[in-house]
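See below for the structure under consideration.
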Amino acid sequence: MNKKTHFSFLILGIISLKLGLLFGLLAGAQYMVPEFLKEIIPFSQMRELHVTMVISWIILTATGCIYYFISIDNKLAFPKLEKAHIIIFGLTGILILISILTNNMGGREYMTYNPLLFFPIIIGWLLFAINYYQTIIKKIVFGPVYLWMWMTGILFMIITYSEAHLWIFSFFKGDVIKDITVQWKSYGGIVGSWNMLIYGTAIYVMSKIKGDDRIAKGKIAFFFYFLGLTNLMFGWAHHTYIIPHKPWIRILAYGISMTEWIILGSMILNWRKSLNQKQKINSPAYKWLLSTDVWIFLNLVLALLISIPTINLFTHGTHITVAHSMGTTIGINSTILIAAIFYIVSKENKFSLNKYKKRLNIAFWLFHISLLVFWGSLLYSGYLKGIWDQMDMPKTSFSEFITDLKPVIHVLVSGGLFLFISIEFITNPLIKALINKSKK
Amino acid sequence: MNEQKQNLSVFIILILLFTVHTYTVYTSGTENINSTRMNTSAIKGKALWQKNNCTSCHQIYGLGGYLGPDLTNVYSRYGDGVKSFLNAGIESMPVYSFSDQEQQDLLEFFKSLNESGFYPNKDVEKTWYGNIKIRDKTR
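If you're matching them up, the sequences are chains A and B in order. The first sequence begins at 124 in my numbering and counts up by one. The second sequence begins at 9 in my numbering and counts up by one.
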């Protein structure tokens, strides 16, 4: 099995993460000092560079992991298509950066690059789909849940990413409410799709570390898979409760979102059970996956609360929403992906990370403490913004409110800085190990 | 075998429901009694909004970035005076040089947004089970 291309996805993913955090940090500095770099890269471009790089980290790393994992027990159907896939994504990434830096945008929030770049991106996904389905087609129906999750993630990424571009048609772009709805419905689906790719990866790694495939099979595993899929399809409207669309959209999304209490309940039960087990696994991947559990718990509680429309009325349009999205992309998605890379690197060479043990341990704790500070200050900023939003006129001006918020933003950016440092400590040994492996 | 058949059936049923749901959302689900379709000038204004990535700082219905204020109802607050902010370049806002026509297009876009509804809308009824009912108002 030639693993070079799988590793290239992972290396590109890690580079994207590093750049994403750097741009995020610079954007944070612009929050504190509005004139900072304004003439070179204004906030409107900096934020997009940050978002694009972080999304690239998630997509490229999840893709690399899936190619790697399915190639262990199967012969990849079309290795050349995998190469074409990474070349297309790599080149498109460069074009996206050029599009943002030259202010040749025209897309939508989070996908603000020139909309023509939709075509190479969708071609990349189609190549991935062909390769994946052809490689494991005979195994899917009888296979473990992660094969279903990856299949669903790829399929729905193609559907929802295409749906996100319906705004190009006048039926949507000429109507304010349809235009907003198409954006948030499809974005909910896109996030749900990459969650399928990542959670499938988490279940795969967990089952391999434990040497027990039972957690990926059986009725309970598939129940949670279908629950996730239902939320992906119908739960999106908790982003748009306040939009004047038909009330049934809001009620349906509210009901669907509340099914996540089942996940929360199941997590608590599983924890109680695990307290009685004295199993101790000494692996960095396992440690990172355990930390994911804590972030899932915190973010699930937050997600459930802000999905209750009466509470959402206060939290919508505030940094509490950002806390939710940052908490999930960093606390959940990134910790799973880091765990998966640790698993792959250790599988390739058990001893390659031994000399970094101490440094990695310190970085692990630095990462989580910084993230907690970062997340907490976002929640507090959101609380203050919620109060400001609810004030009756006449109220303090927006710029006065932003000035009052600055001390909290300082804490937020400090959290971001330490997060950046911890990620440098964690990813440098990983990237070195992957580059060494690619050379062989 | 039965379990696999069941899983496959649930998957297919969900896909069908998703298709029906998507169609209904984009047709009757998003018919808005306040909103008229945007005119050509407003659509051009919206294109400018996207091209300059205004949403990185500003919000519409609370959706977008938080560095600048929400602009859903900026038109009802400032009317034509909105134009005076567009090329001002205050604080973090980039210095734009929108032509008169472009400023008019953006103004038309803000007018359409304003006509579509309110944000933040405090005129809502809260139900005992946590839902909200948005009371509709005509501007």
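C-beta atoms are modelled at their ideal positions from N, C-alpha and C, and glycine is treated no differently.
- DSSP places Ile140 of chain B inside the beta strand (DSSP E), whose first and last residues are 140-142.
- Within the stretch 340-357 of chain A, those residues whose Cβ lies closer than 8 Å to any Cβ of chain B are, in chain order, Lys342, Phe345, Phe349, Leu352, Thr353, Met356, Phe357.
- For Lys134 of chain B, the uninterrupted beta strand (DSSP E) run begins and ends at 132-134, by DSSP.
- With a beta-carbon spacing of about 10 Å, Leu425 of chain A and Ile434 of chain A fall beyond the 8 Å limit used to define contacts.
- Closer than 7 Å to the CB of Asn61 of chain B there is at least one CB belonging to chain A.
- Ranked by Cα distance from Met356 of chain A, the first of B:Leu16, B:Leu25, B:Lys13 is B:Leu25.
- If the five residues before and after Ala150 of chain A are omitted, its C-beta is found closer than 7 Å to the C-beta atoms of Phe166, Met169, Arg170, His173, all from its own chain and listed in chain order.
- By the Cβ-count criterion, Ile443 of chain A is buried, with 16 or more other Cβ atoms from all chains shown falling within 10 Å of its own Cβ.
- Closer than 7 Å to the CB of His368 of chain A there is at least one CB belonging to chain B.
- The CB of Lys296 of chain A comes closer than 7 Å to the CB of Ile51, Lys54 in chain B, given here in chain order.
- For Trp180 of chain A, the CB contacts under 7 Å within the same chain, skipping 5 residues up- and downstream, are Gly136, Ser139, Leu140, Gly143 in chain order.
- Lys261 of chain A and Thr27 of chain B have their C-alpha atoms some 26 Å from each other.
- Three or more beta-carbon pairs separated by less than 8 Å are not found between the stretch 205-225 of chain A and the stretch 303-319 of chain A, which leaves the two stretches without contact.
- Inter-residue distance for His29 of chain B and Glu123 of chain B is about 27 Å (C-alpha atoms, whole angstroms).
- Contacts with chain A at 7 Å (Cβ-Cβ) include Ile140 of chain B.
- Excluding sequence positions up to five before and after Ile313 of chain A, its CB lies within less than 7 Å of the CB of Met280, Thr283, Tyr284, Ala287, all in the same chain and listed in chain order.
- Interface with chain B (7 Å Cβ-Cβ cutoff): Pro157 of chain A is included.
- Chain-order list of chain B residues neighbouring Trp307 of chain A: Leu71, by C-beta distance under 8 Å.
- Beyond the five residues adjoining it in sequence on each side, His368 of chain A comes within less than 7 Å, by CB distance, of Ile300, Thr304 in the same chain, given in chain order.
- Taking C-alpha positions only, Asn10 of chain B is separated from Val268 of chain A by approximately 16 Å.
- DSSP places Arg482 of chain A in the uninterrupted alpha helix (DSSP H) bounded by 480-513.
- If you draw a straight line from the Cα of Tyr74 of chain B to the Cα of Leu94 of chain B, it comes to about 18 Å.
- One alpha carbon belongs to Asp108 of chain B, the other to Ala55 of chain B, and they sit about 16 Å apart.
- Taking C-beta atoms under 8 Å as the contact rule, Leu412 of chain A and Ile459 of chain A qualify, at a distance of about 7 Å.
- A buried status is given to Gln111 of chain B, since no fewer than 16 other beta-carbon atoms sit within 10 Å of its beta-carbon.
- For Leu289 of chain A against Gly539 of chain A, the beta-carbon gap comes to about 34 Å, at or over 8 Å, which does not count as contact.
- A straight line joining the alpha-carbon of Asp131 of chain B with that of Asp88 of chain B spans about 26 Å.
- Look at Ile68 of chain B here: in three-state DSSP terms it is strand.
- Within the stretch 70-131 of chain B, the complete alpha helix (DSSP H) segments of 4 residues or longer fall at 82-86, 91-94, 108-124, listed in chain order.
- Annotation: Pro530 of chain A has no Cβ neighbours in chain B at a cutoff of 7 Å; minimum Cβ distance is about 16 Å.
- The residue from A:Leu528, A:Thr235, A:Asp336 with its alpha-carbon nearest to that of Leu502 of chain A is A:Leu528.
- Shown here, Met329 of chain A sits in a helix according to DSSP, grouped into three states.
- Of all alpha-carbon atoms in A:Ile374, A:Leu250, A:Gln153, A:Ile485, the one lying nearest the alpha-carbon of Lys206 of chain A is that of A:Leu250.
- Inclusion of Thr235 of chain A and Asn61 of chain B in the CB contact set at 7 Å is warranted, their separation being smaller than that value.
- The alpha carbon of Pro530 of chain A has as its nearest neighbour, out of A:Leu133, A:Asn125, A:Val156, the alpha carbon of A:Val156.
- Residue contact check for Arg45 of chain B against chain A: a CB pair falls below 7 Å.
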